[in-house]
Amino acid sequence: MTVTAPPEPSTQAPAAGLSRRQVQAVAGCYFVASFAALGLPPYLTAILPGLGDPHGRWAGLLYIVPTVFSALGAPFWGRLGDRFGRKRLLLRAQLGLSVSFLLAGLADSLWAFTLALVLQGFLGGTFAATNGYLAAALEGPGLSKALTQMQGGARAALVAAPILVGALSPWLSPHRQYVVMALLPLTAAALLTRLPEPGRLVSTPRKRSAGKPSSALWALYGAEFAFVFATIVSFPYLIALVEQRVPGLNSTVAGLLFALPHLCYLLLAARVHTAVLHRPRAGLALGFVLVAAGLAGHAPAHSVAAFALTRLVLGLGMTLGLVCLAVLAAAAAHGRAPGRMFGTLELASKGGAVAAGAIAALVNSAFGPGAPVLIGTAAALTAALCCALRSRSLPRSAPSPSNPGSR
306 MTVTAPPEPS
316 TQAPAAGLSR
326 RQVQAVAGCY
336 FVASFAALGL
346 PPYLTAILPG
356 LGDPHGRWAG
366 LLYIVPTVFS
376 ALGAPFWGRL
386 GDRFGRKRLL
396 LRAQLGLSVS
406 FLLAGLADSL
416 WAFTLALVLQ
426 GFLGGTFAAT
436 NGYLAAALEG
446 PGLSKALTQM
456 QGGARAALVA
466 APILVGALSP
476 WLSPHRQYVV
486 MALLPLTAAA
496 LLTRLPEPGR
506 LVSTPRKRSA
516 GKPSSALWAL
526 YGAEFAFVFA
536 TIVSFPYLIA
546 LVEQRVPGLN
556 STVAGLLFAL
566 PHLCYLLLAA
576 RVHTAVLHRP
586 RAGLALGFVL
596 VAAGLAGHAP
606 AHSVAAFALT
616 RLVLGLGMTL
626 GLVCLAVLAA
636 AAAHGRAPGR
646 MFGTLELASK
656 GGAVAAGAIA
666 ALVNSAFGPG
676 APVLIGTAAA
686 LTAALCCALR
696 SRSLPRSAPS
706 PSNPGSR
């Protein structure tokens, strides 16, 4: 069945395109929404004893609960965004996060807290909602650059949020910080009300864009899943691995080693975007190779310098891969309903994260904290080989504004 978007009204049409300042405002709101979602989960082991789980045994499962339900809800919310307006669904996502954070902070039992995390995942979905909003107004290099900025917001939150939560903990427990953090997405929603409802840019649609996903789009979803899996699988037990290899290491240094790849992204993403804009498929394959090399380097590392070097290689690969995926997603979004496409892309991304967390827990339990990085190495090498063999299955780059139908 072919589904076409409803025609825009002839009067009071939504604005096409977004200014640089408006894109920056959207990125800032995404950073704000990501802050609590990424900063508080590392403290679940400190939160759960006060909710009836004295040893924090449920921390690992609860860590991925929002991710699971975000993945399940993303395609549904994406389709609603295509139908009822991307700005409305973006506001809904921010308000959903605010309500769920408030409920989590006020929860007085493990079941109530778990329900709040379920709602956080299902009612949130700011990644898909934000990207769908941007894709409705931008295309080509403008869209891929905006998607790169969104990733930068998430990386900045991943670095800064746990530090701030830890600094506030002596005065306010991480559990009750959920109540304070509820103000952040609420503030973001208030700011987003000032932004326009974007109208789809006029361009030549692809014949298959409204029907079943093409092989190129399925390849993009597969690449997204594989990249997220390969990078995330090493995260949960990295600190344990570093402390095992370098006994007595200061926790601040260990945290810095964890953050190095994300800092690489913040420093290099803009330059990498310019470099790979017209060759994202080759860049993605190289990104997988560097991720594999960085993860493999963890095996022989037994000093801070060795870990820093291998984390920097991983960071370069992560930056290259994420930016290339943004360029490829911008190409795939051309002529398609962006909410549905980015909702499915988030499903692939969250699915990779959930699989990575589950497998990391299993292999760590069986073989120790060094095992997850070896699993990630194998996954990245396999994905790099697939990219090389099936490079034609992925869109080449974002279409040029001067020739919207190009690929």
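No gaps in the numbering here: position 326 of the sequence shown is 631 in this note's numbering, and each next residue is one more. A virtual CB, placed ideally from N, CA and C, is assigned to each residue, including glycine.
Practice prompt. Just mark Pro354 as buried or exposed, buried being the case when its beta carbon has 16 or more other beta carbons within 10 Å.
Written response: exposed
Item to complete: Counting only runs of 4+ residues fully inside the region 420–502, write out the alpha helix (DSSP H) ranges in chain order.
Response: 431–440, 445–473, 479–486 and 488–497
Worksheet entry | Straight-line Cα distance separating Arg481 from Gly690 | It should be pointed out that residue 690 corresponds to Leu in this sequence rather than to Gly. Spanning the two alpha carbons is a distance of roughly 47 Å.
Practice prompt. Please name the residue, chosen from Ile468, Ala412 and Leu349, that lies closest to Gly361 on a Cα-to-Cα basis.
Written response: Leu349
Practice prompt. Would you mind giving the Cβ-Cβ distance between Gln279 and Ala494, rounded to the nearest angstrom? I have them listed as a contact below 8 Å.
Written response: Residue coverage of the chain in this structure runs from 306 to 712, which leaves residue 279 outside it and unanswerable.
Worksheet entry | Local conformation of His276 per DSSP, three classes | Nothing in the structure corresponds to residue 276, since the chain is present only between 306 and 712.
Discussion item. Quick check on DSSP: helix, strand or coil for Asn555?
Written reply: coil
Worksheet entry | Beta-carbon contacts of His567 that lie in its chain and below 6 Å, excluding the five residues immediately before and after | Arg460, Leu463 and Val464
Worksheet item: What first and last residue would you give for the alpha helix (DSSP H) that runs through Gly588?
Response: Pro585 to Ala601
Worksheet entry | Limits of the unbroken alpha helix (DSSP H) element including Gly333 | Arg325 to Gly344
Worksheet entry | Every unbroken beta strand (DSSP E) inside the region 368–396 [3 residues or more] | none
Fill in: Inter-residue CB distance, Leu448 and Ala638 (contact presumed, cutoff 8 Å)
7 Å
Discussion item. For Ile544, tell me which candidate among Ala613, Ser478 and Gly648 has the shortest Cα-Cα distance.
Written reply: Ala613
Item to complete: Look at the Cβ atom of Gln327, then the Cβ atom of Leu500, and state whether they are nearer than 9 Å.
Response: yes
Item to complete: Answer with buried or exposed for Gln456, where buried requires no fewer than 16 other C-beta atoms within 10 angstroms of its C-beta.
Response: buried
Worksheet entry | CB-CB length for Leu489 against Ala676, believed under 8 Å | Wrong, their Cβ atoms sit about 36 Å apart, outside the cutoff.
Worksheet entry | Simplified DSSP assignment, three categories, for Pro674 | coil
Discussion item. Distance check for Ile352 and Gly445, CA to CA, integer angstroms please.
Written reply: 44 Å
Fill in: Proximity of Gly344 and Gly383 at Cβ, strictly below 9 Å
no
Worksheet entry | Under 9 Å between C-beta atoms of Leu452 and Leu439 | yes
Discussion item. Cutting at 7 Å between CB atoms, please list the residues of its own chain near Leu294, excluding the five before and the five after it.
Written reply: In the structure displayed, the chain extends from 306 to 712; residue 294 sits before or after that span and is not available.
Practice prompt. Note down the Cα distance separating Val370 from Thr419, rounded to an integer number of angstroms.
Written response: 8 Å
Discussion item. So, with DSSP's three-state summary, where would you put His578?
Written reply: helix
Worksheet item: How about Gly602 and Leu619: do their beta carbons lie closer than 9 Å?
Response: yes
Practice prompt. Spatial neighbours of Thr431 within its chain, please: CB distance less than 7 Å, with the 5 preceding and 5 following residues excluded, ordered by chain position.
Written response: Tyr335, Ala338, Ala398, Gln399 and Leu402
Fill in: Gly527: first and last residue of the uninterrupted alpha helix (DSSP H) it sits in
Ser520 to Ile537
Practice prompt. Can you tell me which of the three DSSP states Tyr348 falls into?
Written response: helix
Worksheet item: Of the residues Ala531, Leu473, Val373 and Ala417, which one's Cα is nearest the Cα of Ala597?
Response: Ala531
Worksheet entry | Per-residue burial, Phe534 [other beta carbons within 10 Å of its own, 16 or more giving buried] | buried
Practice prompt. Within 10 angstroms of the Cβ of Leu572, are there 16 or more other Cβ atoms? Answer buried if so, exposed if not.
Written response: exposed
Worksheet item: How would you label Asp387, buried or exposed, when you count the other beta carbons within 10 angstroms and need 16 or more for buried?
Response: buried
Practice prompt. Assuming Gly648 and Ala433 form a contact by the criterion Cβ under 8 Å, report the distance between their Cβ atoms to the nearest whole angstrom.
Written response: 5 Å
Item to complete: Using the Cα positions of Pro704 and Ala636, report the straight-line distance between them to the nearest angstrom.
Response: Note that Pro704 scores a pLDDT of 44, beneath 50, so its modelled location is shaky and nothing firm can be said.
Worksheet item: Given that a residue counts as buried once 16 or more other Cβ atoms are within 10 Å of its Cβ, and exposed if not, what is Gly626?
Response: buried
Fill in: Cutoff 7 Å; reference Leu617; Cβ partners in own chain excluding five residues on either side
Leu565 and Cys569
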